[in-house]
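K.L.:
Before I ask anything, here is the structure I am working with.
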Amino acid sequence: MSDFFDHEGRRTDEPRQDEPETPRDDNSTTPVNDQPPPAYEPPPPYEPPPPAPPHEPPPPPPEEPPWRPSEFSSWPYRTEPEPLPEPEPEPEPQPHGFNPLVRLGVPQPWRAIIDWIVTIVGAIAIVFAIKSYVVNPYRIPSSSMEPTLHCASAGGSGCLAHFSDRVLANRFIYHFRDPRRGEIVVFNVPDIAEEKCGAAGVFVKRIIGLPGEVWQERQGFVYINGKKLNEPYVKKDRRDFESYPARKIPKDNYFMMGDNRQSSCDSRKWGTVPRNRVIGKVFAIYWPPQRIRLM
2 MSDFFDHEGR
12 RTDEPRQDEP
22 ETPRDDNSTT
32 PVNDQPPPAY
42 EPPPPYEPPP
52 PAPPHEPPPP
62 PPEEPPWRPS
72 EFSSWPYRTE
82 PEPLPEPEPE
92 PEPQPHGFNP
102 LVRLGVPQPW
112 RAIIDWIVTI
122 VGAIAIVFAI
132 KSYVVNPYRI
142 PSSSMEPTLH
152 CASAGGSGCL
162 AHFSDRVLAN
172 RFIYHFRDPR
182 RGEIVVFNVP
192 DIAEEKCGAA
202 GVFVKRIIGL
212 PGEVWQERQG
222 FVYINGKKLN
232 EPYVKKDRRD
242 FESYPARKIP
252 KDNYFMMGDN
262 RQSSCDSRKW
272 GTVPRNRVIG
282 KVFAIYWPPQ
292 RIRLM
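According to the working numbering, the sequence shown holds residues 2 to 296 in order.
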């Protein structure tokens, strides 16, 4: 029996005569088709899709002959070598380093010349700085310091050597301490020395009297504050026999004398030396080689 008819053969979608017609749920105004529905046809049975054809690998590439055919008719033959790729140009080196000339890009010839000039000027400046503030060399021109410091025999009487001694003076030591008695010093002689001794400039003598002391000489022997001074550096044959009255040495002044008292023009003739004229202390002989020593 169709789903649209009941057991009495009536359509199920038509109202019965003894029952009032009920409105449709969907409130549709479309008239009901009186034609019977088509007969039900069952769906065809399920058939699986045919299997996919198996994957076929790509055909292999054609085989190449084990030898390369000759491009030339003659035998033997030589193939042209393949050209090598041109090397890329190296980048120019960038200026580097601590040399400012390199950083400024100065070319090499001028850089070497400037380096030499700076080196020579720097060396000269260092030498002048050392001579002005550290150490300065001096030559012994006369026999006033014999036999402690020699002078050349050609320079005058009383000299004991063929070559004058060259000495080094420490120019900065007296910035840290006062000069002491017995030290050999280099100093600028007072102006009156040129009148008394016929010489001026830089002298080399020994400090005998200190500021505030009383100096006196009796028969060639020195007395300080009334006491005889021990002077082992004065040899017997170099001592004179003169006498000078007592003198008080002014403040910041020093009494200078040579070891060769017989031929030394010193403070006995031209007076004391102010401290600001003292250059430095002699601490070494550097020439000639056989005389090299520390003082």
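No residue lacks a Cβ here, since even glycine has one placed at the ideal position from N, Cα and C.
(1) Determine the direct distance from the alpha carbon of residue 174 to that of residue 245, and round the result to whole angstroms.
(2) Check the DSSP bridge columns for residue 249 and list the partner residues they point to.
(3) Is residue 119 helix, strand or coil when you go by DSSP?
(4) Scan the region 142 to 220 and note each continuous alpha helix (DSSP H) run of 4 residues or more that stays entirely inside, going in chain order.
(5) Taking the alpha carbon of residue 182 as the reference point, which residue from 207, 194 and 105 has its own alpha carbon closest?
(6) Give me the residue from 194, 248 and 195 with the minimum Cα distance to residue 216.
(7) Out of 84, 126 and 221, point me to the one whose CA is closest to residue 313's CA.
(8) Going by DSSP, what residue range makes up the beta strand (DSSP E) through residue 282?
(9) Quick test of your reading: residue 235 and residue 262, contact by CB under 8 Å. State the CB separation rounded to the nearest angstrom.
(10) If distances are taken between C-alpha atoms only, which option among 214, 192, 211 and 288 comes closest to residue 204?
(11) For residue 105, which residues does DSSP report across the bridge?
(12) Starting from the Cα of residue 180, find the closest Cα among 138, 253 and 142 and give me that residue.
(13) Is the Cβ-Cβ distance between residue 152 and residue 158 less than 7 Å?
(14) Could you have a look at residue 275 and say whether DSSP puts it in helix, strand or coil?
(15) Should residue 218 go down as buried or exposed, given a rule of 16 or more other Cβ atoms within 10 Å for buried?
(16) Put residue 293 into one of helix, strand or coil per three-state DSSP.
(17) Would you kindly check if the distance between the Cβ of residue 209 and the Cβ of residue 256 is under 7 Å?
(18) Go ahead and pull the three-state DSSP assignment for residue 235.
(19) Among residues of its own chain, excluding the 5 on either side of residue 274, which ones have a beta-carbon nearer than 6 Å to its beta-carbon?
P.N.:
Taking the structure as given:
(1) Rounded to the nearest angstrom, the two C-alpha atoms are 32 Å apart.
(2) Paired residues: 215.
(3) Helix at residue 119.
(4) Unbroken alpha helix (DSSP H) runs of no fewer than 4 residues, entirely contained in the region 142 to 220, are found at 193 to 198, following chain order.
(5) Per the Cα distances, 207.
(6) Ranking 194, 248 and 195 by CA distance to the CA of residue 216 puts 248 first.
(7) With the chain represented from 2 up to 296, any question about residue 313 goes unanswered, as that position is not in the structure.
(8) For residue 282, the enclosing beta strand (DSSP E) begins and ends at 279 to 288.
(9) About 6 Å separates the two Cβ atoms, so the contact holds.
(10) Distance check between residue 204 and each of 214, 192, 211 and 288 places 192 closest, using alpha-carbon atoms only.
(11) Within the DSSP secondary-structure output, residue 105 pairs in no beta bridge.
(12) Of the candidates 138, 253 and 142, the one whose C-alpha sits nearest the C-alpha of residue 180 is 253.
(13) Taking 7 Å as the cut-off, the beta carbon of residue 152 is found no closer than this to the beta carbon of residue 158.
(14) Of the three classes helix, strand and coil, the one that applies to residue 275 here is strand, per DSSP.
(15) Buried, by the Cβ-count rule.
(16) In the displayed model, residue 293 falls within coil according to three-state DSSP, outside both helix and strand.
(17) Their beta carbons are under 7 Å apart, which means residue 256 touches residue 209 by this criterion.
(18) DSSP places residue 235 outside both helix and strand once states are collapsed to three, so it counts as coil.
(19) Contacts found: 188, 255 and 257.
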